[in-house]
Amino acid sequence: KTTDGGRTFGKVPFRDAGYVYNNDEHRVVINPLRPDELYLSGGDGVTRSADAGESWQRVTTPDFRVGYPDATFCSPLEDGVVFTAGAGGRPHSWRATGDAQAAFARSGDRGATWELLPIPPTRGNIEAVTLVSWPDGYGFFAGTTDGEIFASTDRGASWSVVATGLPAISKGPHANTVL
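With the numbering used here applied, the sequence shown corresponds to residues 16 to 194, in that order.
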């Protein structure tokens, strides 16, 4: 965290006794419309800080449909709109079932409630996502461990498959967990 325009940085410690995977942080996101609002996704779900990391509140748990969230984004246009994507469970469960049960979810109230977005069917996990924006809108590209790329040009409301048959779009050993 920086308080001097980026000249120096300090740590923002995150520890929660209820979290099994405190060292499995995947992404930290800053709300572009409220710079003190942060979201942290990891092996135990998504948490939110309204005070620049001084305190944290869970907004999802591993029981949530996106139980192993990775990609997390704040809307660049709508305050309080948050997205998260990932698997339905931890990687070891993908091996057992052959299906990551990937999902993409949206919250319109800073994570208090969530709705699932209609992504195309996939056995792979969503591991790479980018948000693209233009003056009056935004959308997403999402890549899976099965080598698929999905796209949305309407803020996640609808999706299309734009590529298949690619190598796994994955981090580390996750591509080997869905066989």
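Beta carbons are placed, not taken as given, at the ideal position from N, Cα and C, and that holds for glycine. If you're wondering where the values come from, they're calculated on a predicted model, not measured in any experiment.
Round the Cβ separation of residue i and residue j to the nearest angstrom and send it over; I've been treating them as touching at under 8 Å.
{"i": "A118", "j": "A100", "result": "7 Å"}
{"i": "A65", "j": "D85", "result": "Not confirmed; about 23 Å, so no contact."}
{"i": "A120", "j": "R80", "result": "7 Å"}
{"i": "C89", "j": "V44", "result": "6 Å"}
{"i": "G158", "j": "A143", "result": "4 Å"}
{"i": "G68", "j": "V27", "result": "4 Å"}
For the candidate residues the options, whose alpha-carbon lies nearest to that of residue i?
{"i": "I134", "options": "V177, H107 and G123", "result": "V177"}
{"i": "E93", "options": "A102, N140 and P150", "result": "P150"}
{"i": "R42", "options": "G57, L48 and R49", "result": "G57"}
{"i": "P182", "options": "D169, A143, G162 and D19", "result": "G162"}
{"i": "T145", "options": "V27, D19, S167 and L132", "result": "S167"}
{"i": "G82", "options": "T160, G139 and Q116", "result": "Q116"}
{"i": "D124", "options": "F98, E142, H107 and G104", "result": "F98"}
{"i": "W174", "options": "I184, T159 and F155", "result": "F155"}
With H, G and I counted as helix, E and B as strand and the rest as coil, what does DSSP make of residue i?
{"i": "S6", "result": "A query on residue 6 cannot be resolved here, the shown segment of the chain reaching from 16 to 194 and no further."}
{"i": "Q72", "result": "strand"}
{"i": "W174", "result": "coil"}
{"i": "S90", "result": "coil"}
{"i": "P50", "result": "strand"}
{"i": "V27", "result": "coil"}
{"i": "L181", "result": "coil"}
{"i": "G20", "result": "coil"}
Which first and last residues belong to the beta strand (DSSP E) in which residue i is found?
{"i": "T99", "result": "V97 to A102"}
{"i": "F119", "result": "A118 to S122"}
{"i": "I45", "result": "E40 to N46"}
{"i": "V81", "result": "Careful: V81 lies outside any beta strand (DSSP E) and carries neither H nor E."}
{"i": "S64", "result": "G60 to S64"}
| Complete runs of the beta strand (DSSP E) confined to the segment 133 to 175 [at least 3 residues] | Within the segment 133 to 175, the complete beta strand (DSSP E) runs of at least 3 residues are 141 to 149, 152 to 159 and 164 to 167.
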